[in-house]
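Every letter in the sequence shown is one number past the one before it in this note's numbering, and letter 170, counting from 1, is 645.
A virtual CB, placed ideally from N, CA and C, is assigned to each residue, including glycine.
Here's the structure we're looking at; comments come further down.
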Amino acid sequence: MVFCVVGAGFSGAVIARHLAERGHKVVVVDERPHLGGNCHTERDAQTGVMVHRYGPHIFHTADERTWAYVQRFGTFRPYINRVKAISGGRVYTLPVNLLTINQFFGTTLGPKDALAFIQAKADRSITDPQSFEEQALSMIGPELYRAFFYGYTRKQWGLEPTELPASILKRLPLRFNYDDNYFNHPYQGMPENGYTAIVENILAVDGVEVRLGCSFESLTDTFEHVFYTGPIDRYFGFRLGRLGYRTLDFERFVDDGDHQGTAVINYCDEQVPYTRISEHKHFAPWEQDQFSKTVCFREYSRLAGEGDVPYYPIRLVHEKRMLDSYIALAREEKAVSFLGRLGTYRYLDMDVTIKEALAACDLIDTQLAAGTCD
Ligand code: FAD
476 MVFCVVGAGF SGAVIARHLA ERGHKVVVVD ERPHLGGNCH TERDAQTGVM VHRYGPHIFH
536 TADERTWAYV QRFGTFRPYI NRVKAISGGR VYTLPVNLLT INQFFGTTLG PKDALAFIQA
596 KADRSITDPQ SFEEQALSMI GPELYRAFFY GYTRKQWGLE PTELPASILK RLPLRFNYDD
656 NYFNHPYQGM PENGYTAIVE NILAVDGVEV RLGCSFESLT DTFEHVFYTG PIDRYFGFRL
716 GRLGYRTLDF ERFVDDGDHQ GTAVINYCDE QVPYTRISEH KHFAPWEQDQ FSKTVCFREY
776 SRLAGEGDVP YYPIRLVHEK RMLDSYIALA REEKAVSFLG RLGTYRYLDM DVTIKEALAA
836 CDLIDTQLAA GTCD
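Here is the structure:
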């Protein structure tokens with residue numbers, strides 16, 4: 476059988492390899508000129524530094540199957556994501572932890588006293604937080620919320636935190652010890668040769684034909700089944716409207732040596748127009764000393780327009796309603812499966828993307844055995 480996979484990111488690559496390993500022919504198309512989707516990495520031509528073209532990507536997971544899977548296709552070096560934040564002209568550590576609390580309030584509290592201190596600041600009258608703001612106030616109180624979340628969130632989403640769902644903040648850890656590891660997952664790392672090399676290795680299997688710079692819409696071939704990891708609204712010609720996304724603009728600059736001494740600094744104050752600066756040589760500490768120059772990116776967030784790269788799905792009430800209508804249309808397309816962050820219109824970390832793609836592979840096996848595939 477001949478299958479088509481639209482998109483050469485992690486979702487598409489995992490599915491394509493699986494089908495090829497089952498003896499099928501697979502045509503993988505991506506309209507971009509490179510593999511890796513939004514996780515694409517490449518050497519910066521001027522500095523030689525490995526850059527994450529669509530923004531910083533740190534691999535982290537708690538899923539054993541996913542961790543074992545990615546390691547088949549490349550070496551992951553140990554890497555711990557430690558983020559700094561500038562607020563009110565001072566530097567802090569994130570996520571909010573005991574050092575952040577003590578620095579911010581000028582205290583020397585231990586874990587138990589800090590917990591009591593923050594609990595006393597938290598707004599106890601909010602028992603069922605409905606918005607991002609209510610969630611923050613009920614967790615950390617007004618001072619930390621204003622300093623670290625209010626301005627940053629307004630810049631990132633272009634909305635008042637009162638208009639955003641509480642669920643966004645539930646994901647952010649709050650720690651009463653000095654652990655400043657941004658993620659809680661047991662496995663965390665950075666691919667030694669970048670993410671694109673991993674995707675390239677996943678796709679390096681007999682039966683897979685990759686066509687880059689090729690849009691799905693331009694294909695004239697016929698396929699048994701299509702696995703579509705592009706935007707679901709685009710597949711249907713935006714006939715029910717466009718699902719809203721935030722996009723990012725990256726302002727590149729080069730400096731000598733070391734610019735900021737760490738990979739990521741968040742700028743929490745609203746007066747600073749960008750949300751963060753990432754300095755990519757620090758994502759590969761094992762090789763950073765070999766570069767005399769450094770390349771950095773200021774990151775600006777705005778509403779995506781036609782032609783912009785879709786980054787973060789907005790997923791407010793209006794978009795969710797539109798998504799439900801697109802999902803109803805998708806169910807009618809028996810020869811097409813919609814996967815990945817764009818095909819399902821969700822923010823998905825890489826590990827979740829891979830985990831879901833592997834689960835889809837299990838389903839494909841069951842369906843192929845039963846003679847169906849939808
Ligand atoms: P994508 O990588 O977007 O791949 C889809 C591909 O389909 C694209 O290459 C696109 O060109 C192609 N395509 C779409 N439509 C068509 C068409 N019609 N014809 C041909 N080709 C088409 N995750 C983490 O785990 N850790 C992180 O630190 C992290 N940081 C992130 C930072 C940012 C700024 C963002 C936005 C995301 C981050 N993620 C991170 C999430 C990560 O980017 C996603 O998990 C991953 O990209 C999802 O892979 P995918 O294959 O589903 O989609």
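- Between residue 570 and residue 664, the C-beta gap is not smaller than 7 Å, which leaves the two residues out of contact.
- Contact holds between the stretch 672-681 and the stretch 488-498, because three or more Cβ pairs, one in each stretch, are under 8 Å apart.
- When the five nearest sequence neighbours on each side are left out, the beta carbons in the same chain lying within less than 6 Å of the beta carbon of residue 613 are those of 597, 598, 601 and 604, in order along the chain.
- Taking 6 Å as the cut-off, the C-beta of residue 816 counts as close to a heavy atom of ligand 1.
- Residue 668 sits in coil when the DSSP states are folded into three classes, being neither helix nor strand.
- A distance below 6 Å between beta-carbons, with the five flanking residues on each side excluded, links residue 483 to the following residues of its chain, in chain order: 503, 505 and 510.
- Straight through space, the alpha carbons of residue 562 and residue 623 are spaced by roughly 7 Å.
- The three-state reading of DSSP puts residue 525 in strand, counting E and B together.
- Closest in alpha carbon position to residue 827, among 836, 820, 837 and 816, is 816.
- A direct Cα-to-Cα measurement between residue 763 and residue 757 gives close to 6 Å.
- If the five residues before and after residue 558 are omitted, its C-beta is found closer than 7 Å to the C-beta atoms of 569, 657, 739 and 741, all from its own chain and listed in chain order.
- Excluding the 5 residues flanking it on each side, residue 543 has no same chain C-beta neighbour closer than 7 Å.
- The C-beta of residue 812 has 16 or more other C-beta atoms within 10 Å across all chains shown, which makes the residue buried.
- Bridge pairing for residue 787: 721 [DSSP].
- Residue 577 and residue 532 have their C-alpha atoms spaced approximately 29 Å apart.
- DSSP places residue 799 within a helical segment (H, G or I) once states are collapsed to three.
- Residue 830 and residue 684 have their alpha carbons spaced roughly 23 Å apart.
- Taking non-hydrogen atoms of ligand 1 into account, the C-beta of residue 780 is found less than 6 Å away from none of them.
- With 16 or more other CB atoms across the displayed protein chains lying within 10 angstroms of its CB, residue 593 is buried.
- Separation of residue 778 and residue 498 (C-alpha to C-alpha, rounded to the nearest whole angstrom) is 43 Å.
- Straight-line measurement puts the Cα of residue 560 at about 17 Å from the Cα of residue 530.
- When the five nearest sequence neighbours on each side are left out, the beta carbons in the same chain lying within less than 6 Å of the beta carbon of residue 724 are those of 775, in order along the chain.
- For residue 532, the shortest separation between its Cβ and any heavy atom of ligand 1 lies below 6 Å.
- Look at residue 513: its beta carbon is less than 6 Å from one of the heavy atoms in ligand 1.
- Ranked by how close their Cα comes to the Cα of residue 745, the residues 564, 713, 626 and 792 have 626 in first place.
- Burial check for residue 761: the Cβ neighbour count within 10 Å stays below 16, so the residue is exposed.
- The stretch 573-590 makes no contact with the stretch 638-647: fewer than 3 CB pairs, one atom from each, lie closer than 8 Å.
- The stretch 661-676 and the stretch 582-593 do not touch, with fewer than three beta-carbon pairs separated by less than 8 Å.
- Residue 559 is bridged by DSSP to 568 and 740.
- Here the C-alpha atom of residue 712 lies approximately 24 Å from the C-alpha atom of residue 501.
- The stretch 597-675 is shown to contain whole alpha helix (DSSP H) runs of 4 or more residues at 607-619, 626-632 and 642-645, in chain order.
- Contact between residue 659 and residue 586 does not hold, since the beta-carbon distance rounds to 17 Å and is not under 8 Å.
- No Cβ-Cβ contact shorter than 7 Å links residue 698 with residue 836.
- Secondary structure of residue 533 (DSSP, three-state): coil.
- Relative to ligand 1, residue 506 has its C-beta within less than 6 Å of a heavy atom.
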